[in-house]
Amino acid sequence: MLDRLTARVRLLVDCEDAFGFCVKLELKELGCIYVDGSSYPIVVSNIDGDAAATLILSGTDLDDLLDGRLSPLTAFMVGRVQVEGDLGKAMQLSRLFS
Numbered sequence: 001m002l003d004r005l006t007a008r009v010r011l012l013v014d015c016e017d018a019f020g021f022c023v024k025l026e027l028k029e030l031g032c033i034y035v036d037g038s039s040y041p042i043v044v045s046n047i048d049g050d051a052a053a054t055l056i057l058s059g060t061d062l063d064d065l066l067d068g069r070l071s072p073l074t075a076f077m078v079g080r081v082q083v084e085g086d087l088g089k090a091m092q093l094s095r096l097f098s
């Protein structure tokens, strides 16, 4: 499942401009997806690294976000996504899931 989710995130950011920082998606039961958006092209991997913001969520919730079945704001408000680090930078990423 981690490989499939990593590929989906890679497709999501494929045509995006760099957003100037790194973010980590910590998938509770699966591992992490590391998104280096500090420069173009954005690089997505499963290598753990320092990030401005870490989003902690389940693989199922990431699937729901990517499919549009779960809004980023709702996910955060009901505790399905927790944020460690810079909340402002994490909020900048919500546009990717809209």
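The opening residue of the sequence shown carries number 1 in UniProt numbering; numbering runs sequentially from there.
Glycine is no exception: its CB is placed at the ideal position from the N, C-alpha and C atoms.
For residue j and residue i, the rounded distance between their alpha carbons
i	j	result
VAL83	GLY68	20 Å
PHE21	VAL81	19 Å
ASP64	LEU57	11 Å
PRO72	THR6	18 Å
SER39	GLY79	30 Å
MET77	LEU70	11 Å
DSSP three-state assignment for residue i, whether helix, strand or coil
i	result
ALA90	helix
ASP50	coil
LEU27	strand
Residue of the options minimising C-alpha distance to residue i
i	options	result
VAL35	ARG80, ASP17, LYS28	ASP17
residue 100	LEU87, ARG4, ALA90	With the chain covering only 1 through 98, there is no way to say anything about residue 100.
LEU86	VAL23, ASP14, CYS15, LEU2	Contrary to the premise, residue 86 reads as Asp rather than Leu in this sequence. Selected option, being the one with the closest Cα: VAL23.
PRO41	PHE76, CYS15, LEU66	CYS15
Exposure of residue i, with buried meaning 16 or more beta-carbon neighbours within 10 Å
i	result
LEU27	buried
THR74	exposed
GLY88	exposed
Whether residue i touches residue j by CB criterion (7 Å)
i	j	result
VAL44	VAL9	yes
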